[in-house]
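J.:
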Amino acid sequence: MTIRLPGAGGALRTYEPRTEPLAVTPGTPFTSRTVFSAAHVVADPFADVSPDSPAAVDWDATLAFRRHLWSHGLGVAEAMDTAQRGMGLDWAGAAELIRRSAAEAKSVGGRIACGVGTDQITSGSLAEVRAAYEEQLAVVEDSGAQAILMASRALAAAASGPEDYLEVYGHLLRQSAEPVVLHWLGPMFDPALEGYWGSADLDAATDTFLEVIAAHPDKVDGIKVSLLDAQREIDIRRRLPKGVRCYTGDDFNYPELIAGDEQGFSHALLGIFDPLGPLAAQAVRALDTGDVQGFRDLLDPTVGLSRHLFQSPTRFYKTGVVFLAWLAGHQSHFTMVGGLQSARSLPHFATAYELADGLGLFPDPKLAEERMKTLLSMYGVNQ
């Protein structure tokens, strides 16, 4: 069987899908790395809502996808950027997601960490930003999940310099019940975060970031760096206090960063591990045995797909993630909260399908082909 796919110039090309998926099996948690997948939410396609309405979530499908990730040994990073925080999912929806997912994690023995931000406010004073963080931190800690302190648009707008970041984060870390993960999300993911940590100069921002950690090393489990700059992550990793982990959020360079070097390695908290979950788990299990080459042989070929999904505008990578979840049969539809399924072009989807199929990511290649043809027909491409 073949399928005709459109290219960027509009011309159709013939592609022959693979007939068998990559053979992967669920397994136990990893021993050499701590690995989280930032998971997407599944919209309710039958809800009568508009892009401006509060998100309507299909809770059964959303939690089923998390059980899928846990079954392969991955941890779930909940209510993060991949779940469309600030891009369709408001704080009320995120709080419900956190509570439901944390309860599900307890019932199946899955690992979970949840995003803490300030998205219940759009702007405010430093005191109001701090209070918004505190409200969300309480929800996450009450759920029993680990907290991930996410970058805040409101803090970026309110802060006048590095000292404001030191004060706000210091206050939060002093009161956190357990060690947290600090998340530095770059402006390529959210333009409103330009100049985070008090400077557009990344060297100066890095110094402030590390100053926060150095002042509270017992309250920082690790950091998640999402700057798409492998060398900067390595430099930061080498400057961390002993016992503080680096979780790569670099969806362009993750194989080399996780594999590491003679001076250390990164753990992982990645949006690309949503569609790559089973394959990523198999790769990390190779690493658990000391087989670095086997790890790279499995994961290196996935970088092309990841770079495609995360191409500029990077913040729309969620559309590709959900699209692949639909093709893989994890949900019955290609609908997103906020109507974000419209954020990528048909040629983008066609390339994503071809790359994912080539990797064997679809458990049922025939289903994926049929669904891709359905999408193509909606755009006027008849087979």
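Each number in this note's numbering corresponds to the 1-based position in the sequence shown with 502 added.
We put the CB at the ideal spot given by N, CA and C, even for glycine.
With respect to the alpha helix (DSSP H) encompassing phenylalanine 797, which residues constitute its N-terminal and C-terminal limits?
T.: As a position in the sequence shown, residue 797 is number 295, starting the count at 1. In the DSSP annotation of this structure, the continuous segment of the alpha helix (DSSP H) that includes phenylalanine 797 starts and ends at 794-801.
J.: Threshold first: 3 residues or longer. Then list the beta strand (DSSP E) segments lying entirely within the region 755-781, N to C.
T.: Segments of the beta strand (DSSP E) lying fully in the region 755-781: 769-772.
J.: Alpha carbon to alpha carbon, how far is leucine 742 from leucine 687?
T.: As a first step, residue 742 is located in the sequence shown; it is residue number 240 there, counting from the start. As a first step, residue 687 is located in the sequence shown; it is residue number 185 there, counting from the start. Answer to the nearest angstrom: the Cα atoms are 18 Å apart.
J.: Just verifying my parser: in three-state terms, what is the DSSP assignment at phenylalanine 538?
T.: Indexing the sequence shown from 1 puts residue 538 at position 36. Phenylalanine 538 falls in the strand class under three-state DSSP.
J.: When you compare only the Cα positions, how much space is there between alanine 854 and glycine 663?
T.: On the sequence shown, position 352 is the one that residue 854 refers to. On the sequence shown, position 161 is the one that residue 663 refers to. The alpha-carbon atoms of alanine 854 and glycine 663 are separated by roughly 41 Å.
J.: Could you pull the DSSP bridge partners for leucine 684 from this structure?
T.: By 1-based counting over the sequence shown, the position of residue 684 is 182. DSSP lists Leu651 and Ile725 as partners of leucine 684.
J.: So glycine 611 and serine 654 are in contact, right, with Cβ under 8 Å, and what is the actual spacing, rounded?
T.: Position 109 of the sequence shown, counted from the first residue, corresponds to residue 611. Position 152 of the sequence shown, counted from the first residue, corresponds to residue 654. In fact, because the Cβ distance is near 32 Å, the residues do not count as touching under 8 Å.
J.: Can you give me the C-alpha to C-alpha distance between isoleucine 623 and valine 631, rounded to a whole angstrom?
T.: For this step, residue 623 is matched to residue 121 along the sequence shown. For this step, residue 631 is matched to residue 129 along the sequence shown. For isoleucine 623 and valine 631, the distance between alpha carbons rounds to 8 Å.
J.: Based on Cα-Cα distance, which residue from Val544, Thr516, Cys616 and Phe538 lies nearest to alanine 827?
T.: By one-based count along the sequence shown, residue 827 stands at place 325. Nearest of Val544, Thr516, Cys616 and Phe538 to alanine 827, Cα basis: Val544.
J.: Start and end of the beta strand (DSSP E) containing leucine 514?
T.: Stepping through the sequence shown from its first residue, residue 514 is reached at position 12. Taken as a continuous stretch (DSSP letters only), the beta strand (DSSP E) holding leucine 514 covers 514-517.
J.: Have a look at Tyr756, Met874 and Gly595 and flag the residue whose alpha-carbon is nearest the alpha-carbon of tryptophan 561.
T.: The residue given as residue 561 occupies position 59 in the sequence shown. If we check each option's Cα against that of tryptophan 561, Gly595 comes out closest.
J.: Per DSSP, what kind of secondary structure is valine 883 in: helix, strand or coil?
T.: Position 381 of the sequence shown, counted from the start, is the residue given in the question as residue 883. Three-state DSSP puts valine 883 in coil, outside helix and strand.
J.: How would you write the range of the alpha helix (DSSP H) that proline 664 sits in, first residue to last?
T.: Within the sequence shown, residue 664 is the residue found at index 162, counting from 1. 664-677 is the span of the alpha helix (DSSP H), which, as asked, contains proline 664.
J.: For a test of the three-state rule: what should DSSP assign to leucine 857, helix, strand or coil?
T.: Here residue 857 corresponds to residue number 355 of the sequence shown, with the count starting at 1. Helix.
J.: Looking only at DSSP bridge pairs, what is alanine 579 linked to?
T.: By 1-based counting over the sequence shown, the position of residue 579 is 77. Per DSSP, Ala540 and Ala615.
J.: Which residues in the same chain as arginine 506 place their Cβ atom closer than 8 Å to its Cβ, once the five residues preceding and following it in sequence are excluded?
T.: The count along the sequence shown starts at 1 and reaches residue 506 at position 4. Once the five neighbours on either side are set aside, the close Cβ partners of arginine 506 are Leu514, Arg515, Thr516, Tyr517, Leu878, Val883 and Gln885.
J.: Which residues in the same chain have their Cβ closer than 6 Å to the Cβ of alanine 656, if we skip the five residues on either side of it in sequence?
T.: On the sequence shown, residue 656 is found 154 positions in, with the first residue counted as 1. Once the five neighbours on either side are set aside, the close Cβ partners of alanine 656 are Thr620, Ile623, Ser625, Gly626 and Val631.
J.: Does the region 560-574 come into contact with the region 832-847, if we say contact requires no fewer than three beta-carbon pairs (one atom in each stretch) closer than 8 Å?
T.: yes
J.: Does the beta-carbon of phenylalanine 812 have 16 or more other beta-carbons within 10 angstroms, so that it is buried, or is it exposed?
T.: On the sequence shown, residue 812 is found 310 positions in, with the first residue counted as 1. Buried, by the Cβ-count rule.
J.: Since valine 727 and threonine 750 are thought to touch, with beta carbons under 8 Å apart, how far apart are those beta carbons, to the nearest angstrom?
T.: On the sequence shown, position 225 is the one that residue 727 refers to. On the sequence shown, position 248 is the one that residue 750 refers to. Right, their Cβ atoms sit about 7 Å apart.
J.: I'd like to know if the region 815-822 and the region 522-537 are in contact, where contact means that at least 3 CB-CB pairs between them fall below 8 Å.
T.: These segments do not touch.
J.: Across which residues does DSSP place valine 823 in a beta bridge pair?
T.: Translated into positions along the sequence shown, residue 823 becomes position 321. Note: valine 823 sits in no beta bridge, so no partner.
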